[in-house]
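Just below is one structure, and these are the notes that go with it.
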Amino acid sequence: MTVSLASMKAHLNITEDTDDDLIGDKIAAAQAMVEEFAGEKFADMASIPAPLLEATRQIAAHFYENREATAGDFTLKAVPFAALDLIRPYKRWVF
4 MTVSLASMKA HLNITEDTDD DLIGDKIAAA QAMVEEFAGE KFADMASIPA PLLEATRQIA
64 AHFYENREAT AGDFTLKAVP FAALDLIRPY KRWVF
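In this text, residue positions in the sequence shown follow my numbering: the first is 4, and each later residue adds one.
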């Protein structure tokens with residue numbers, strides 16, 4: 004099971020259907036990012052650990068809320084990226 008549209012919309016607290024295609028695109032991009040960082044495709048896993056699904060939701064939500072690559076007119080501060088902490092224990096190291 005990957006992150007469903009319904010699960011993502013619940014995470015975002017969205018009920019309307021206007022952005023369904025956009026949200027689906029954000030889920031796909033986030034899943035690709037999680038798979039790349041973890042070093043394994045969801046399709047190759049017997050079951051997907053809950054932390055990887057949560058990381059996918061968090062990253063997809065970030066992509067949805069921050070649709071541009073840059074922003075201006077404010078001071079940037081480093082914020083811990085918790086999604087990476089969720090993925091890190093499942094990372095497959097290949098040399």
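A virtual CB, placed ideally from N, CA and C, is assigned to each residue, including glycine.
Rounded to the nearest angstrom, the gap between the Cα atoms of G27 and F98 is 33 Å. The three-state secondary structure of D47, taken from DSSP, is helix. T21 sits away from V37, with the two beta carbons spaced by 8 Å or more. Pairing L89 with K44, the inter-Cα distance amounts to about 16 Å.
In terms of Cβ geometry, L55 and A41 form a close pair [threshold 8 Å]. Within the same chain, and ignoring the five residues on either side of P92 in sequence, the residues whose Cβ sits closer than 8 Å to its Cβ are P54.
Secondary structure note for S7: it is in no alpha helix (DSSP H), with a DSSP letter that is neither H nor E.
Uninterrupted alpha helix (DSSP H) stretches at least 4 residues long and entirely within the region 21–71 occur at 23–41 and 53–68, given in chain order.
For A46, the closest C-alpha among the options A9, T5, A63 and F66 is that of T5.
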